[in-house]
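One structure is given here, and the rest of the page talks about it.
Residue numbers (my numbering), protein chains in the order written: chain V, 52 to 620; chain L, 52 to 620.
And the structure:
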């Protein structure tokens with residue numbers, strides 16, 4: 052039955068994982084808000100009462116489940132005519148089930164479990180209630196409206212994929228679909244809201260705010276005024292990040308803000324090197340937690356240029372964050388003396404000392420981390436920020452106990468070329484224009500930790516690795532096209548269109564990428580939570596690869612070689 | 052049909068995750084070994100060709116699947132009459148499926164997929180092939196033999212649980228079960244082998260070696276000579292760890308050994324404080340990778356006692372590992388000067404500087420890590436070892452970028468009281484007796500980082516936290532009994548039997564435990580791989596809890612309080 056007079060409410064709220072009181076109050080406030088609106092239904096997100104991603108926390112805190120049942124019973128008592136759909140965890144014969152409680156007139160009327168979608172009748176209208184990916188199994192139309200409580204992260208191509216699925220499903224079943232998403236950050240997860248209704252033709256009739264709480268009141272049968280154009284997923288790598296930058300910015304800022312708010316943290320301290328990574332982190336932090344809560348510290352070493360120091364200070368002034376300079380030369384020298392003495396003693400027992408090592412470079416990065424963690428240990432509610440980016444994480448080009456250490460890694464799912472684009476976007480779109488000095492964006496990235504023996508100047512990351520444009524296209528192809536080494540070797544990169552490189556050069560870079568990626572796995576396992584923003588990430592909450600798998604032969608071998616090796620066995 | 056003349060082979064091999072060539076050669080060697088033995092079957096573990104726990108590595112390395120299909124086809128060509136069952140990854144319409152290839156007479160005869168167990172006929176005998184937990188769904192006997200290729204870790208109570216399940220199933224279906232396990236370490240996972248056959252009465256007729264590769268040739272219908280006594284899972288906490296210590300030792304040594312071998316690493320460097328944690332780590336390392344590959348460094352600071360320095364040196368001599376001493380006083384002083392100057396500048400902008408902080412304590416721990424990582428950066432194939440134990444990890448009583456940093460955390464799943472028992476066991480059972488100085492076992496643990504204001508002596512961990520016996524029982528009850536705060540408060544602890552403590556004291560300790568555990572979550576997320584040994588661990592590959600969930604109310608509240616809070620909302 053279609054009834055254009057009826058109304059439903061979509062309560063897109065931002066919950067705190069495990070904080071039942073906070074979440075329950077938010078739910079009750081929304082129920083009270085619509086008390087006189089004569090709604091059929093008010094719908095809350097999946098696991099609204101407990102928060103999502105509680106995962107196995109329940110093993111350590113079984114009380115959450117018992118408590119959430121007490122809370123849902125008490126919330127039920129205040130309901131009147133309007134039915135509320137509230138995500139919670141049900142307990143059936145000591146099993147915990149992701150569920151939705153259907154409550155009205157002072158009590159729980161029914162409980163729907165995940166993987167067992169059911170229809171309910173409210174004022175003559177049949178609603179099908181689904182949780183998470185339950186909607187995937189809907190094959191025929193047997194309800195007037197489909198409700199999909201589904202938590203989806205803000206990530207590249209998410210909107211495209213979601214629209215294709217929901218729009219096609221609504222059209223196929225000729226049934227409107229209410230898609231209700233979470234909003235808010237949860238460690239590395241940043242949910243973008245944007246709950247919406249797809250009408251029976253598959254067009255979007257109404258859409259909630261993104262990256263904000265919202266309470267949308269509407270009729271579920273209303274037809275869209277415009278046809279929904281389903282955008283295409285990008286099929287090839289491109290340096291034109293513009294269409295994705297606002298979303299990227301909001302995803303990161305929300306992720307940072309909620310990490311601080313939900314853990315009760317307030318302040319951040321980070322090293323400001325005058326380079327791109329720490330610069331973008333500082334801008335995001337200032338916007339997420341307020342400039343007064345951010346302390347940037349320039350820690351020049353012997354290779355730090357005057358330009359870097361100046362850029363760091365100008366940035367801090369432009370952002371209004373606190374800033375000071377603390378040279379680390381003396382710390383590095385003392386450590387170096389201590390180590391040189393030690394190394395000679397170790398060398399008496401062990402061979403294989405590197406003739407050229409990264410030891411000195413890393414001591415600088417680690418001394419800086421000692422300073423930053425000192426500040427976060429000394430001042431209340433303060434954490435250190437890990438400033439590693441995604442390109443360098445893939446290459447293991449970050450220092451353990453150095454720049455990759457901290458409470459959260461805000462940009463560890465943003466590649467370098469995207470960071471450059473984001474820096475330009477920030478300069479153009481933030482209220483204070485051009486906060487980032489142009490020279491930060493123009494200079495070639497490098498940690499100023501070592502001298503390039505070829506040029507006598509400080510080593511640039513691209514010279515040690517490969518051009519970022521090339522590297523980021525490898526990452527993009529692995530994550531989005533599932534391509535292997537040979538497929539990449541045999542198809543043209545964007546970088547090749549603009550630069551004349553030999554097949555040998557390309558092979559060398561690809562080999563270097565795969566070799567470095569293999570040895571970077573162990574760094575990924577101890578990277579702090581990275582806010583997920585791309586379609587795939589190396590955040591350990593969604594990607595795990597055994598460190599012992601570093602011997603994968605990324606090139607493969609021919610059947611003839613295989614035969615030979617089998618004979619030898 | 053039962054046929055007591057037929058024979059099968061159980062090839063319990065140790066594979067390297069992702070290294071197809073290595074694994075394939077091992078498979079082929081075993082196939083060749085039994086060529087003339089006239090077996091019906093030779094059975095390899097689940098995913099024998101690719102290694103287990105490849106997880107989503109395949110997203111980054113899709114070539115593994117294509118290559119493993121090439122390999123399985125080539126391996127098939129060398130087979131003769133004896134059928135081989137080989138775990139591999141099948142690809143069906145671009146989906147990857149955990150599968151077993153049944154090969155003989157030069158070709159693949161059939162492929163069995165996970166969740167779709169099937170019967171095969173070999174020389175008149177019907178074998179049911181199951182993968183992983185498929186056996187759970189077997190309800191009736193419709194084969195002569197059940198084969199269960201199932202990877203299970205070495206962990207407390209595993210044997211008990213496994214025997215109950217398999218023994219009962221074999222008896223219920225009156226069908227023998229061949230249980231084939233992995234052996235070997237894989238990051239935090241340590242598989243113990245011990246493949247076995249349960250006869251149709253549920254008794255164990257034969258058992259392969261544990262923690263070693265093995266090739267067992269036997270008749271599947273043979274009846275056990277003895278009845279299997281199913282041991283009971285421990286129902287209460289006990290300080291008597293004796294029955295579990297040999298297994299614990301072997302699990303850890305195998306985990307360390309294979310981490311090094313499979314990553315190509317060779318050497319380990321660790322700080323030797325003279326305390327229990329680093330001492331036990333040093334023994335395990337010496338046994339796993341050889342004493343010559345271990346370097347212990349004593350890094351005394353101003354609070355380090357002469358006894359600690361002596362204990363470290365004696366231990367090193369007893370183990371035959373390399374040893375040297377490097378005082379860190381100068382590093383700590385330089386850092387301290389640098390920081391005091393910085394703190395005064397930060398204080399001009401920020402309030403909430405702690406009057407008593409852990410900053411100085413942590414600088415000592417972090418300076419030591421800078422030294423250790425310096426050595427592992429300077430010498431080839433060397434890593435630093437994280438020496439944190441499980442009790443302290445639960446309490447967040449370990450320093451980020453300090454003692455909890457390294458490539459692997461060997462004892463981060465072993466509680467302190469169990470470590471004491473393990474130390475005594477090592478002194479008694481290793482070839483070189485009493486390698487661990489008695490004073491290490493007798494002294495109360497403490498990191499010698501701070502002075503206890505109450506005693507004027509160096510702070511002991513138990514005084515800062517609570518008695519380890521009490522703490523470890525909380526951990527045990529959470530992990531094994533799923534108990535909550537109130538259940539613990541209201542039942543007697545072992546510690547209470549031997550010590551007279553007030554209810555207030557117990558409440559204080561329990562509250563401290565839960566509060567500290569909440570704030571320790573973020574440390575768990577960056578702890579290096581911990582070798583799993585207990586029935587539950589906080590290794591991030593199996594336990595994840597959002598850092599933003601630190602506000603869980605571990606005590607819960609009454610329905611009346613809930614009502615009041617809902618009214619206020």
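Backbone N, C-alpha and C define an ideal beta-carbon position, used for all residues, glycine too.
Distance between residue j and residue i (C-alpha atoms, nearest Å)
i, j, result
"residue 573 of chain V", "residue 579 of chain L", "8 Å"
"residue 274 of chain V", "residue 594 of chain V", "40 Å"
"residue 428 of chain L", "residue 568 of chain V", "18 Å"
"residue 106 of chain L", "residue 119 of chain L", "15 Å"
"residue 448 of chain V", "residue 543 of chain L", "52 Å"
"residue 191 of chain L", "residue 439 of chain L", "48 Å"
"residue 8 of chain V", "residue 540 of chain L", "This structure gives no information on residue 8 of chain V, because the portion of chain V shown stretches from 52 to 620."
"residue 263 of chain L", "residue 63 of chain L", "8 Å"
"residue 299 of chain V", "residue 413 of chain L", "36 Å"
"residue 554 of chain L", "residue 547 of chain L", "10 Å"
"residue 256 of chain L", "residue 303 of chain L", "28 Å"
"residue 604 of chain L", "residue 466 of chain L", "25 Å"
"residue 54 of chain V", "residue 278 of chain V", "22 Å"
"residue 411 of chain V", "residue 494 of chain L", "38 Å"
"residue 112 of chain L", "residue 535 of chain V", "7 Å"
"residue 456 of chain V", "residue 323 of chain V", "15 Å"
"residue 597 of chain L", "residue 104 of chain V", "7 Å"
For residue i, the residue or residues it bridges with in DSSP
i, result
"residue 566 of chain L", "Residue 566 of chain L is not bridged to any residue."
"residue 587 of chain L", "Looking at the DSSP assignment, residue 587 of chain L forms no beta bridge with any residue, so it has no partner."
"residue 199 of chain L", "L:181, L:230"
"residue 403 of chain L", "DSSP, once it has assigned bridges, lists no residue as partnering residue 403 of chain L."
"residue 394 of chain V", "Partner(s): none; residue 394 of chain V has no beta bridge."
"residue 320 of chain L", "L:346, L:435"
"residue 376 of chain V", "V:349"
"residue 242 of chain V", "V:204, V:235"
Cβ shell of residue i (< 8 Å), same chain only, five flanking positions each side left out
i, result
"residue 85 of chain V", "60, 93, 133, 266, 268"
"residue 165 of chain V", "148, 149, 150, 182, 183, 185"
Selected residue, minimal CA-CA separation from residue i, among the options
i, options, result
"residue 52 of chain V", "V:166, V:207, V:197", "V:197"
"residue 241 of chain V", "V:232, V:247, V:248", "V:232"
"residue 612 of chain L", "V:426, V:126, V:138", "V:126"
"residue 334 of chain V", "V:366, V:317, V:350, V:348", "V:366"
"residue 202 of chain V", "V:468, V:482, V:138", "V:138"
"residue 396 of chain V", "L:400, L:392, L:376, L:363", "L:376"
Limits of the alpha helix (DSSP H) - the one that residue i falls within
i, result
"residue 419 of chain L", "410 to 429"
"residue 306 of chain V", "293 to 314"
"residue 546 of chain V", "545 to 549"
"residue 328 of chain V", "327 to 340"
"residue 491 of chain L", "489 to 493"
"residue 538 of chain V", "536 to 540"
"residue 620 of chain V", "No alpha helix (DSSP H) holds residue 620 of chain V; DSSP gives it neither H nor E."
"residue 256 of chain V", "Per DSSP, residue 256 of chain V belongs to no alpha helix (DSSP H); it is in the beta strand (DSSP E), 255 to 258."
Enclosing beta strand (DSSP E) for residue i [first to last residue]
i, result
"residue 170 of chain V", "169 to 173"
"residue 433 of chain L", "433 to 435"
Own chain residues within Cβ distance below 6 Å of residue i, not counting five before or after
i, result
"residue 135 of chain L", "82, 93, 154"
"residue 174 of chain L", "91"
"residue 177 of chain L", "170, 194, 195"
Cβ neighbours of residue i in the same chain (closer than 7 Å, five flanking residues each side left out)
i, result
"residue 640 of chain V", "Since the displayed chain V opens at 52 and closes at 620, residue 640 of chain V lies outside it and no answer follows."
"residue 260 of chain L", "244"
"residue 331 of chain V", "462, 470, 473, 474"
"residue 209 of chain V", "203"
Proximity test, residue i beta-carbon vs the ligand COA heavy atom, cut-off 8 Å
i, result
"residue 516 of chain L", "The ligand COA is not among the ligands present in this structure, which contains no ligands whatsoever."
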